[in-house]
Amino acid sequence: MSISAPQSEPSPSTTDQLVAANLTYASTFTDPGMDARPVRRVAVVACMDARLDLHAALGLELGDCHTIRNAGGVVTDDTIRSLTISQRALGTRSVVLIHHTGCGLLGLTEDFRHELEQEVGQRPSWAVESFKDLDQDVRQSIERVRTSPFLPHRDDVRGFVFDVTSGRLREVAPG
Ligand SMILES: [Zn+2]
């Protein structure tokens, strides 16, 4: 950049915009007086996908559920960690698993880890958890929850595929 370039206001970063939006939010916020236990005693495990508005799609209100999200909505050890705390310390009983059409993980393979290792010289300890068959992956996720010895409530575990073009959920029968 040239020294004589005119000084202009730096445009606000995305994070700055979020912080500004929070000021507006907080200006009308009233304490709902809830405790930490989800009102509807449900934990939803879903993909982090930006097109998936869980509360709107499932008719959930503030305070209703725990939301556990990651790439793919897969049930990893860390997902089990959150579910265990959700059930044992905060009273949830039902588990809802949501994958979706057009997931970014559908195009990846475990080669992703190999490529990472080539690039940075270190192999990640985590699996990519990529998949080619959505329904099969939902079934695997259901099975991982149902077989976890840490979870006291494993009788109400259901899995779905959310269609990002229609907004509809389709249930996947467990394997
Ligand atoms: Zn996804």
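Residues 1 to 175 (full-length UniProt numbering) make up the sequence shown, in order. C-beta: ideal position from N, C-alpha, C; glycine also. Remember, predicted model here, so these are calculated numbers, not experimental data.
In three-state terms, what does DSSP make of residue i?
i      : result
Glu119 : helix
Glu171 : strand
Ala46  : strand
Leu97  : strand
Thr67  : strand
Arg88  : helix
Gly159 : strand
Leu58  : helix
Arg51  : coil
Ser125 : coil
Val75  : coil
Ala36  : coil
Asp16  : helix
Ser141 : helix
Leu108 : coil
Asp133 : coil
Thr30  : coil
His153 : coil
Arg113 : helix
Ser82  : helix
Using beta-carbon positions only, say whether residue i and residue j come within less than 9 angstroms of one another.
i      : j      : result
Arg144 : Val75  : yes
Gly73  : Leu97  : yes
Arg154 : Ser148 : yes
Asp156 : Arg88  : no
Leu52  : Val164 : yes
Ala20  : Pro10  : no
Ser130 : Leu105 : yes
Arg40  : Asp64  : yes
Which residues in the same chain as residue i place their Cβ atom closer than 8 angstroms to its Cβ, once the five residues preceding and following it in sequence are excluded?
i     : result
Ile68 : Ala43, Val44, Val45, Ala46, Thr79, Ser82, Leu83 and Ser86
Can you round the beta-carbon distance between residue i and residue j to whole angstroms, since I take them to be within the 8 angstroms contact cut?
i      : j      : result
His100 : Asp137 : About 11 angstroms separates the two Cβ atoms, so there is no contact after all.
Pro38  : Leu62  : Pro38 to Leu62, Cβ: 10 angstroms. No contact.
Leu116 : Ala36  : With 8 angstroms as the limit, Leu116 and Ala36 do not qualify as a contact, their Cβ atoms being about 36 angstroms apart.
Excluding the five sequence neighbours on either side, which residues of its own chain have a C-beta within less than 6 angstroms of the C-beta of residue i, listed in chain order?
i      : result
Phe112 : Val128
Glu171 : Phe160
Val95  : Ala43, Val145 and Val157
Met34  : Gly63
Under a Cβ-count criterion, where at least 16 other Cβ atoms within 10 Å of its own Cβ denotes burial, should residue i be classed as buried or exposed?
i           : result
residue 176 : Because the chain here runs from 1 to 175, residue 176 falls outside it and cannot be looked at.
Met1        : Note that Met1 scores a pLDDT of 47, beneath 50, so its modelled location is shaky and nothing firm can be said.
Phe162      : buried
Leu134      : buried
Ser141      : buried
His55       : exposed
Quick one: what's got a C-beta closer than 7 angstroms to residue i's C-beta in the same chain, skipping five residues either side?
i      : result
Met48  : Arg69, Asn70 and Ala71
Thr109 : Ser130
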